[in-house]
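Protein chains in written order, with the working numbering: chain U, 1 to 96; chain V, 1 to 96; chain S, 1 to 96; chain B, 1 to 96. Virtual Cβ for every residue (Gly too), placed ideally from N, Cα, C.
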């Protein structure tokens, strides 16, 4: 980023970026707008996911259990296996 | 939901969905895979957002302040104005 | 809330609360200090919980599994039973 | 941690800890019960904090602004000052 005076009308044409108070305005604006756009897309995706769970519920599925299933699928099968064995062991130890 | 075998090619046309243990398997699989795909896209977006903030930091911007700015831009200007006035009032009341 | 001047020593005894800019200062201060104290206690509790999990880990327990166990214990046994049955069913339906 | 009889009166005194399936049962139970107790206390504190904010709202305060104030009070004054200066600068740069 080149740096230079930014008093109105004084910027030479080769100056690639306007600054206000030492702030590279276009760069800052670009950063903010890109973040806002991505956050908006992320919100839309969260909405879509919510819709699918609502669809699952209407179709008679148990949404909490589907969430457990998705969480299991993120783990390695060996990790799932080991944790289930341990959970079983701990439950029996506690008489649950 | 009709019940029946779903071996490749053997489903009679009127049989809309295979079930295992009373579960509409294709429907369940579709729900889970769509959620997983959307969650994956959401994770990718979060990574992109993180990258932009890293870029902002490298460019010399204060990332916390950019976050505050983005949060302000989500509110109505009148709401921002009112909260800033109140915050100022409360701070002066407390001698902060 | 009564309104009135609060210049040092000038408050008549019947004035229940000092105000600055229309703000009931003592009330505001009390609210903020109580919240801060409770938040501090809450942070301390979170630290204690973390310490216990560290102790559990040192003692050879699997902390993730202990968390699962604690989460199970929060639910009604009938709910746990039903969710486990469904999870099993869904997993078999998906061939997991 | 030596602990006394486990099976009704039948544990020999040299048995330091009852185990079920290799699990130190009393230790596990102690860990879980302590975590549950602390989590319960933490939930109670969260409830108390919520009550204070409800009280603040009834007393005519703006709860969001009180939260901002509490968040400001957690930071060093110099940090608050610097962030406010930067926020102001960024806003002016963007014409906000």
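Only residues of its own chain outside the window of five on either side were considered, and among them none has a CB closer than 6 Å to the CB of residue 85 of chain B. Using a Cβ-Cβ cut-off of 7 Å, residue 25 of chain U does not count as an interface residue toward chain S, since no Cβ of chain S sits closer than that to its own. Contact annotation for residue 20 of chain U against chain B: 92, 93 [CB-CB distance below 7 Å, chain order]. About 11 Å separates the CB atoms of residue 66 of chain B and residue 36 of chain S; that is not less than 8 Å, and the two are not in contact. Proximity of residue 86 of chain V to chain S, defined by a Cβ-Cβ separation below 7 Å, is not satisfied. Using beta-carbon distances, residue 38 of chain U counts as an interface residue toward chain V, with a partner under 7 Å.
The Cβ-Cβ distance between residue 52 of chain B and residue 56 of chain S does not fall below 7 Å. Inclusion of residue 38 of chain B and residue 41 of chain S in the CB contact set at 7 Å is not warranted, their separation being larger than that value. Near chain S, meaning a CB-to-CB distance below 9 Å, the residues of the stretch 52 to 64 of chain B are 52, 53, 55, 56, 59, 60, 61. DSSP places residue 64 of chain U in the uninterrupted alpha helix (DSSP H) bounded by 63 to 74. Judged by DSSP in its simplified three-state form, residue 18 of chain V adopts coil rather than helix or strand.
Among the CB atoms of chain U, one or more fall inside 7 Å of the CB of residue 28 of chain B. Taking the Cβ atoms as the reference, residue 93 of chain U lies roughly 6 Å from residue 21 of chain B, within the contact range of under 8 Å. DSSP places residue 93 of chain S inside the alpha helix (DSSP H), whose first and last residues are 77 to 93. For residue 47 of chain U, the enclosing alpha helix (DSSP H) stretches over residues 25 to 58. Listed along the chain, the chain S residues whose CB falls inside 8 Å of the CB of residue 69 of chain U are 87, 90, 91, 94, 96. Considering only V:96, V:25, V:54, the residue with the shortest C-alpha distance to residue 78 of chain B is V:96. The alpha-carbon separation between residue 34 of chain U and residue 19 of chain U amounts to approximately 19 Å. At a beta-carbon threshold of 9 Å, none of the residues of chain V lie near residue 80 of chain U; the nearest stands roughly 15 Å away. Interface with chain V (7 Å Cβ-Cβ cutoff): residue 33 of chain U is excluded. For a Cβ distance threshold of 7 Å, residue set 45 of chain B lies close to residue 41 of chain S, ordered along the chain.
Between residue 72 of chain U and residue 63 of chain U, the C-beta gap is not smaller than 7 Å, which leaves the two residues out of contact. Counting every other CB atom within 10 Å of its CB across the protein chains shown gives residue 27 of chain S a total of 16 or more, marking it as buried. Distance check between residue 89 of chain S and each of U:91, U:88, U:23, U:68 places U:68 closest, using alpha-carbon atoms only.
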